Amino acid sequence: MIVDLGRPQRTILRMVHRLGSFLALNAIGLAVGSREEYAYLHSTLDKLPQPDVLFADSPMPVHEIWRMGPFGFVYGVELRKPSSGR
């Protein structure tokens, strides 16, 4: 089971999320005195592909992918151990 953050799938939601996370994460970073760390979190959300692409070549097959949170930016992936063929 993997739970991670990413950008929403739909283009318009991804654009809104990018702007919102930039504003929110920078404001939080300034408020807690860790601006660089929170700015880094914002930039990392664009570095990885969508989970269906990211886990497509996994040695453990994807059983299910689901999304939650505003715009579906939090995702969960359930991987299954491959059958032994016995």
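Numbering (my numbering), first residue to last: 1 to 86. Virtual Cβ for every residue (Gly too), placed ideally from N, Cα, C. Small disclaimer: the values here were computed from a predicted structure and weren't measured.
Three-state secondary structure (DSSP) at residue i?
i	result
G29	helix
R67	strand
D46	coil
G76	strand
Using the C-alpha atoms, what's the distance from residue j back to residue i?
i	j	result
R18	P8	9 Å
R14	G72	10 Å
W66	L25	24 Å
I28	S83	45 Å
A93	K81	Lying outside 1 to 86, the shown extent of the chain, residue 93 is not represented and no answer is given.
D52	E64	9 Å
A39	T11	22 Å
Y75	H42	16 Å
Am I right that residue i and residue j are in contact with their C-beta atoms under 8 Å? What's the rounded C-beta distance?
i	j	result
G6	L45	6 Å
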